[in-house]
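Participant: Each residue of the sequence shown is one higher than the one before, starting from 35 at the first, in the working numbering. Ideal placement from N, C-alpha and C gives every residue a C-beta, glycine not left out. Predicted model only: the values in this text are computed from it and were never measured.
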Amino acid sequence: MVVSMVGELIAGRYELEELVGKGGMSSVYRARDRLLERTVAIKMLHEHYSSDEEYVERFRREARAAARVQHPNIVTVIDRGEADGHQFIVFEYVDGENLKELVGREGRLPVRIALELGVEIGRALAFAHESGLVHRDVKPQNVLLRDGEVKVTDFGIARSAADVQSGLTETGTVLGTSDYIAPEQASGRQVDALSDVYSLGIVIWELLAGSPPYSGENFLAVAMRHVNDPVPSISSVRPDVPPRLETALRRAMAKEPIDRFGSMGEFVAELQACLEALGQPDADRTAIIRPPAAPSRPRKPARSRRSRRGPLLLLAVGLAAIAAAAAAYLVLRDSGGGGGATPTVHLTASNAYDPEGDGQEHDELVPNATDGRPSTSWETESYRGSVTFGNLKDGVGIVFDAGAAVRLGSLTVVTDTPGFVADVKAGASSDGPFDIVSRSQTVGRRATFELDLTTPRRYYLLWITRLAPGVPRTHVSEVTAGP
């Protein structure tokens with residue numbers, strides 16, 4: 035039985051405030067560093083292991099290993115010591131949840147989010163490998179999330195690359211977590227950086243599927259499936275996963291290390307390429323997606339002679355019709371719509387709108403919202419853990435330019451992240467101020483906002499006030515105006 039130590043003062047400095055995690059070997063507490071007046075995390079080796087030199091040495095090795103790797107995506111080690119027979123390691127405190135908790139709450143993650151997380155985890159591990167360290171226990175529980183940041187933690191069974199190469203890796207001893215364990219690790223063979231590649235592949239598979247690829251009654255049953263079962267197809271459970279990403283996961287999860295990516299850096303580069311390809315739908319598909327064809331009309335039988343006056347007459351009539359439509363548009367535009375709604379106009383995405391933040395919200399993606407291709411999107415920043423932007427702001431949005439002051443009747447939004455809440459505002463400047471001109475509504479994959487304007491406006495703001503539950507960012511794929 036492990037007794038809670040909440041309230042105790044460790045090394046005359048760290049006051050334990052709350053038990054935040056517990057494992058078979060140690061417990062983790064949130065603590066107050068009285069000396070530097072800051073919140074930290076302390077991992078305490080369970081008391082019954084403190085007299086076992088093997089466990090104590092493993093605990094010390096974790097501290098030394100983690101302290102060697104200073105990276106933005108790796109939890110920082112602050113201190114290590116022993117007090118009153120208690121071995122402890124002090125880490126930066128990450129106020130958030132782990133990736134396992136996120137998946138447990140939200141289920142399957144969007145492909146883009148899964149890739150972004152995979153890239154950040156992979157970069158941290160690649161840095162550790164370059165620093166001569168193999169993690170050996172890559173799993174969602176060891177990935178912490180804080181305000182969109184990814185932090186890899188728990189190098190408890192990590193080993194140096196030198197130990198791996200020299201054989202000092204306890205060959206024959208199986209360590210790790212069965213859901214994510216590499217086949218060579220499960221069978222007690224030598225592990226290296228490519229074992230971490232396999233485990234990261236499994237983690238990304240789970241982010242996409244909502245659960246790990248292999249299950250079983252106990253540790254051994256699951257471990258043996260990693261050794262013997264074929265690599266499962268992610269597209270069988272997530273048909274929207276691009277073929278290129280499926281190929282990357284199959285390679286990362288190959289049974290033999292030699293068949294995987296040559297390094298974590300190589301795997302990360304391919305994940306990044308898959309991520310970039312999401313905005314280029316033709317990049318990893320053999321079929322080319324073309325705009326919908328105009329409705330076909332029956333062809334008239336070919337004639338041996340064609341009238342030359344016919345096409346010219348049709349051209350003249352067409353030009354006259356276009357000129358009349360343009361003139362009507364100009365009259366309505368200049369008169370403020372003559373008391374009614376303006377004809378449909380083409381909107382141009384102007385700028386992102388983030389008045390309560392840093393003023394930027396993926397500005398480089400703004401043109402995607404009116405490029406005529408629903409497969410490309412403008413997107414918000416990532417606000418993980420809250421549908422209300424982490425309680426940091428009332429909302430964010432994207433502004434559209436009608437080209438002149440007009441009185442639009444409606445605004446239609448297409449998205450692949452349905453479930454967010456938004457309204458439409460209008461103003462005379464792209465930077466505001468804006469007045470609300472529609473009711474607030476929850477947006478489906480396609481939603482139309484009916485607008486109520488008293489005066490013509492040039493700029494229209496899609497103002498997002500709430501994210502879809504479980505989706506940390508919102509995509510705006512295409513926006514069009516209606517009469």
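To the nearest angstrom, how far is it from the Cα of R64 to the Cα of V124?
Facilitator: Taking the first residue of the sequence shown as 1, we reach residue 64 at position 30. Taking the first residue of the sequence shown as 1, we reach residue 124 at position 90. Straight-line spacing of the CA atoms in R64 and V124 works out to 10 angstroms.
Participant: Return the CA-CA distance between Y214 and G466, expressed in angstroms with no decimal places.
Facilitator: Working through the sequence shown from its first residue, we reach residue 214 at position 180. Working through the sequence shown from its first residue, we reach residue 466 at position 432. Taking the straight line joining both Cα atoms gives about 50 angstroms.
Participant: Is the beta carbon of N107 sitting closer than 7 angstroms to the one on R157?
Facilitator: Residue mapping note: residue 107 aligns to position 73 of the sequence shown, counting from 1. Residue mapping note: residue 157 aligns to position 123 of the sequence shown, counting from 1. Yes, these two residues count as a Cβ contact at 7 angstroms.
Participant: Can you tell me the Cα-Cα spacing of A242 and P273, whole angstroms?
Facilitator: The sequence position of residue 242 within the sequence shown is 208, counting from 1. The sequence position of residue 273 within the sequence shown is 239, counting from 1. The question names Ala, but residue 242 is Leu in the sequence shown. Rounded to whole angstroms, L242 to P273 spans 10 angstroms at the Cα level.
Participant: Ignoring anything shorter than 3 residues, give me the beta strand (DSSP E) runs that lie fully in the stretch 386 to 457, in order along the chain.
Facilitator: 430 to 440 and 444 to 448
Participant: Taking Cβ to Cβ, would you say F434 is nearer than 7 angstroms to A386?
Facilitator: What you label residue 434 is simply residue 400 of the sequence shown in a count that begins at 1. What you label residue 386 is simply residue 352 of the sequence shown in a count that begins at 1. It is not a contact, given that the beta carbons lie outside the stated cut-off.
Participant: Going by CA-CA distance only, name the one from A439, D405, D392 and G437 that's closest to G431.
Facilitator: Counting from one through the sequence shown, the residue named residue 431 turns up at place 397. Considering only alpha carbons, the answer is D392.
Participant: What residue range is occupied by the uninterrupted alpha helix (DSSP H) comprising A288?
Facilitator: Here residue 288 refers to the residue found at position 254 when the sequence shown is read from its first residue. Segment: none, A288 is in no alpha helix (DSSP H) and carries neither H nor E.
Participant: Decide if P517 is buried, meaning its Cβ has at least 16 other Cβ atoms within 10 Å, or exposed.
Facilitator: In the sequence shown, counting from the first residue as 1, residue 517 sits at position 483. So P517 counts as exposed.
Participant: In angstroms, rounded to a whole number, what distance separates the CA positions of S464 and V186?
Facilitator: Position 430 of the sequence shown holds residue 464. Position 152 of the sequence shown holds residue 186. Rounded to the nearest angstrom, the two C-alpha atoms are 41 angstroms apart.
Participant: Return the chain-ordered list of same chain residues with a C-beta closer than 7 angstroms to the C-beta of K134, the five sequence neighbours on each side being excluded.
Facilitator: Translated into positions along the sequence shown, residue 134 becomes position 100. Excluding sequence neighbours, K134 sits near P174 and Q175.
Participant: Among the residues of its own chain, which have a CB less than 7 angstroms from the CB of K459, if the five just before and after it don't count?
Facilitator: Taking the sequence shown and counting its residues from 1, the one referred to as residue 459 is at position 425. F468, D469, I470, V471, L495 and W497.
Participant: Would T446 pass as a contact of H509 if the rule is Cβ separation under 7 angstroms?
Facilitator: Stepping through the sequence shown from its first residue, residue 446 is reached at position 412. Stepping through the sequence shown from its first residue, residue 509 is reached at position 475. Result no, Cβ atoms of T446 and H509 do not sit closer than 7 angstroms.
Participant: Whole angstroms are fine: how far does the CA of T476 sit from the CA of V256?
Facilitator: Translated into the one-based positions of the sequence shown, residue 256 becomes position 222. Translated into the one-based positions of the sequence shown, residue 476 becomes position 442. Their backbone Cα atoms lie some 42 angstroms apart in a straight line.
Participant: State the start and end residues of the unbroken beta strand (DSSP E) segment that holds M78.
Facilitator: The count along the sequence shown starts at 1 and reaches residue 78 at position 44. Its beta strand (DSSP E) spans residues R72 to L79.
Participant: Leaving out five residues on either side along the sequence, give the residues of the same chain with a beta carbon under 7 angstroms from the beta carbon of V275.
Facilitator: As a working mapping, residue 275 is identified with position 241 in the sequence shown. Cβ within range, chain order: V145, L242, I268 and S269.
Participant: Quick one: residues in its chain with C-beta nearer than 7 angstroms to the C-beta of Y127, no 5 flanking neighbours on either side, listed in chain order?
Facilitator: Counted from its first residue, the sequence shown places residue 127 at position 93. R64, T73, V74 and A75.
Participant: With C-beta atoms as the reference, is T499 less than 7 angstroms away from V455?
Facilitator: Position 465 of the sequence shown, counted from the first residue, corresponds to residue 499. Position 421 of the sequence shown, counted from the first residue, corresponds to residue 455. Going by C-beta atoms, T499 is nearer than 7 angstroms to V455.
Participant: Pull up the DSSP beta-bridge partners for R64, would you.
Facilitator: On the sequence shown, position 30 is the one that residue 64 refers to. BP columns for R64 point to E52 and A75.
Participant: Using CA coordinates, which residue listed in A162, E240, N262 and A515 is at the minimum distance from T404?
Facilitator: The residue you call residue 404 lines up with position 370 of the sequence shown. Measuring from the Cα of T404, the nearest candidate turns out to be A515.
Participant: Quick check: the Cα distance between R285 and A117, rounded to an integer number of angstroms?
Facilitator: Your numbering for residue 285 matches position 251 in the sequence shown. Your numbering for residue 117 matches position 83 in the sequence shown. Near 47 angstroms, if we compare the C-alpha coordinates of A117 and R285.
Participant: Exposed or buried, A502, counting other C-beta atoms within 10 Å across all chains shown (16 or more means buried)?
Facilitator: The residue you call residue 502 lines up with position 468 of the sequence shown. Its Cβ being crowded by 16 or more others within 10 Å, A502 is buried.
Participant: Since A216 is in the alpha helix (DSSP H), which residue starts that stretch and which ends it?
Facilitator: Residue 216 sits at position 182 when you count from the first residue of the sequence shown. Membership of A216 in any alpha helix (DSSP H) is not indicated, and neither H nor E is assigned to it by DSSP.
Participant: For a quick check, are the C-beta atoms of T451 and V505 less than 7 angstroms apart?
Facilitator: Here residue 451 corresponds to residue number 417 of the sequence shown, with the count starting at 1. Here residue 505 corresponds to residue number 471 of the sequence shown, with the count starting at 1. Closer than 7 angstroms, so yes.
Participant: Quick check: what's the CA-CA separation for T422 versus D388?
Facilitator: Residue numbering aside, residue 422 sits at position 388 when the sequence shown is read from its first letter. Residue numbering aside, residue 388 sits at position 354 when the sequence shown is read from its first letter. About 14 angstroms.
Participant: From which residue to which residue does the alpha helix (DSSP H) around D230 run?
Facilitator: Here residue 230 corresponds to residue number 196 of the sequence shown, with the count starting at 1. A227 to A243 is the span of the alpha helix (DSSP H), which, as asked, contains D230.
Participant: Return the chain-ordered list of same chain residues with a C-beta closer than 6 angstroms to the C-beta of R340, the five sequence neighbours on each side being excluded.
Facilitator: Sequence index remark: in the sequence shown, residue 340 carries index 306 (1-based). The predicted model places R340 with a pLDDT of 40, which falls under 50 and marks its position as unreliable; any figure quoted below should be read in that light. Taken in chain order, the list of residues that qualify is empty.
Participant: Check the C-beta distance from V137 over to E240 and give it rounded, since I have them as a contact under 8 angstroms.
Facilitator: As a working note, residue 137 is residue 103 in the sequence shown. As a working note, residue 240 is residue 206 in the sequence shown. Their Cβ separation, rounded to whole angstroms, is 6 angstroms, which keeps V137 and E240 in contact under 8 angstroms.
Participant: Restricting to Cα atoms, I'd like to know which of G55, L151, G166 and F161 is closest to G182.
Facilitator: Reading the sequence shown from its first residue, position 148 is the one you call residue 182. If we check each option's Cα against that of G182, L151 comes out closest.
Participant: By a C-beta neighbour count over all protein chains shown, 10 Å radius and 16 as the cutoff for buried, is E304 buried or exposed?
Facilitator: Taking the first residue of the sequence shown as 1, we reach residue 304 at position 270. Burial call: buried.
Participant: To the nearest angstrom, how far is it from the Cα of L43 to the Cα of E164?
Facilitator: As a working mapping, residue 43 is identified with position 9 in the sequence shown. As a working mapping, residue 164 is identified with position 130 in the sequence shown. Between L43 and E164, the C-alpha separation is close to 37 angstroms.
Participant: Taking DSSP as the reference, what is the three-state secondary structure of H105?
Facilitator: The count along the sequence shown starts at 1 and reaches residue 105 at position 71. DSSP, read as helix, strand or coil, puts H105 in coil.
Participant: Do G119 and G244 have their C-beta atoms within less than 7 angstroms of each other?
Facilitator: The residue you call residue 119 lines up with position 85 of the sequence shown. The residue you call residue 244 lines up with position 210 of the sequence shown. Taking 7 angstroms as the Cβ cut-off, G119 and G244 do not qualify as a contacting pair.
Participant: So for Q121, helix, strand or coil by DSSP?
Facilitator: Locating residue 121 in the sequence shown gives position 87, where the first residue counts as 1. Looking at Q121 - three-state DSSP - the assignment turns out to be strand.
Participant: At a cut-off of 6 angstroms, would you count A45 as near the ligand GDP, judging by its Cβ distance to the nearest heavy atom?
Facilitator: The model depicted lacks the ligand GDP and carries no ligand whatsoever.
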